[in-house]
Amino acid sequence: MADGLTHLSGQGEVHMVDVGDRAVSRREAVAEGCLRMKSSTLQRVIQGNTPKGDLLAVARVAAIQAAKRTAELIPLCHPLPLSGIEVAIKPDQELPGLRLRVCCRTTGQTGVEMEALTAVSIGLITLYDMLKSVDPGMTIESIGLIEKHGGRHGSWHREAEPVASAGHDG
Numbered sequence: 017m018a019d020g021l022t023h024l025s026g027q028g029e030v031h032m033v034d035v036g037d038r039a040v041s042r043r044e045a046v047a048e049g050c051l052r053m054k055s056s057t058l059q060r061v062i063q064g065n066t067p068k069g070d071l072l073a074v075a076r077v078a079a080i081q082a083a084k085r086t087a088e089l090i091p092l093c094h095p096l097p098l099s100g101i102e103v104a105i106k107p108d109q110e111l112p113g114l115r116l117r118v119c120c121r122t123t124g125q126t127g128v129e130m131e132a133l134t135a136v137s138i139g140l141i142t143l144y145d146m147l148k149s150v151d152p153g154m155t156i157e158s159i160g161l162i163e164k165h166g167g168r169h170g171s172w173h174r175e176a177e178p179v180a181s182a183g184h185d186g
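Right, here's the structure in full:
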C-alpha cells in the first residue's frame, strides 16, 4: 500500500482492497438526492398525469437493480450480498421536485455506501427519463450519503445543511 492509500499497491498500482481479514458485521448506508423540476411538472407527478405511466414504481425498480449491480459499474467495488434495499420517493413542494432516498443493508466485510449512492443516482436518472418530455430542464442535485452504520469506522451522520433555494420555474 502506497502512502496509506488503500486502492494502491506498494508499487503504486491500482488494485482491489482485500477485505478478507475484516470482521463480518451488519452494515447499513442511507443516501439521498433530488430531481428539481417545474412546479407544474411536480403537480403532474402528484396527480399521476405523466406520459410514461407509474414513474415512481419504475424508478424504485431501477434503484434496486442499480444497488444490486454496483460492483459491475464502479471499478474496485466489491460485489456484496445485499440483505435489504428500501427506496422512498417523496414530492417536495419547496424544491419543487422529488427527493429519492435509499437505504441498503448487508452483513459483510465492507460497507454499502456505494450501493446506496449508485441506487440514488440511477433512480434519479430514471425519473428524469420518465419526465424529460414534460420538463427537459430538470436537474439532478444533492446526491450524497446521509448516514452509515457498522464496520471499522462505526456510525456516521451528515450534519444538517440548509437546502439551496435556486428556483426552476422558468
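Residue numbering for the sequence shown follows this note's numbering, beginning at 17 and increasing consecutively. C-beta: ideal position from N, C-alpha, C; glycine also.
Counting along the chain, residue 141 sits inside the alpha helix (DSSP H) bounded by residues 129-147. Counting only the Cα atoms, residue 43 lies some 9 angstroms from residue 170.
Look at the stretch 54-132 and you find these whole runs of beta strand (DSSP E), each 3 residues long or longer: 98-108, 113-124. Distance from the CA of residue 99 to the CA of residue 140, rounded to the nearest whole angstrom, comes to 22 angstroms.
Proximity of the stretch 145-154 to the stretch 86-104 falls short of the contact definition, fewer than three beta-carbon pairs being nearer than 8 angstroms. 8 angstroms or more divides the Cβ of residue 120 from the Cβ of residue 138. With a contact defined as Cβ atoms closer than 8 angstroms, residue 103 and residue 76 qualify at about 4 angstroms.
When C-alpha distances from residue 48 are compared across 152, 155, 133, 96, the shortest belongs to 133. Nearest to residue 153 by C-alpha distance, out of 41, 35, 52, is 52.
Sixteen is the threshold: since fewer than 16 other Cβ atoms of the shown chains lie within 10 Å of the Cβ of residue 73, the residue is exposed.
Residue 165 has 44 as its beta-bridge partners, per DSSP. In the three-state reduction of the DSSP assignment, residue 52 falls in the strand class, which pools E and B.
With three or more CB-CB distances shorter than 8 angstroms, the stretch 155-167 counts as touching the stretch 124-133.
Under the three-state reduction of DSSP, residue 157 is assigned to strand. Separation of residue 107 and residue 85 (C-alpha to C-alpha, rounded to the nearest whole angstrom) is 27 angstroms.
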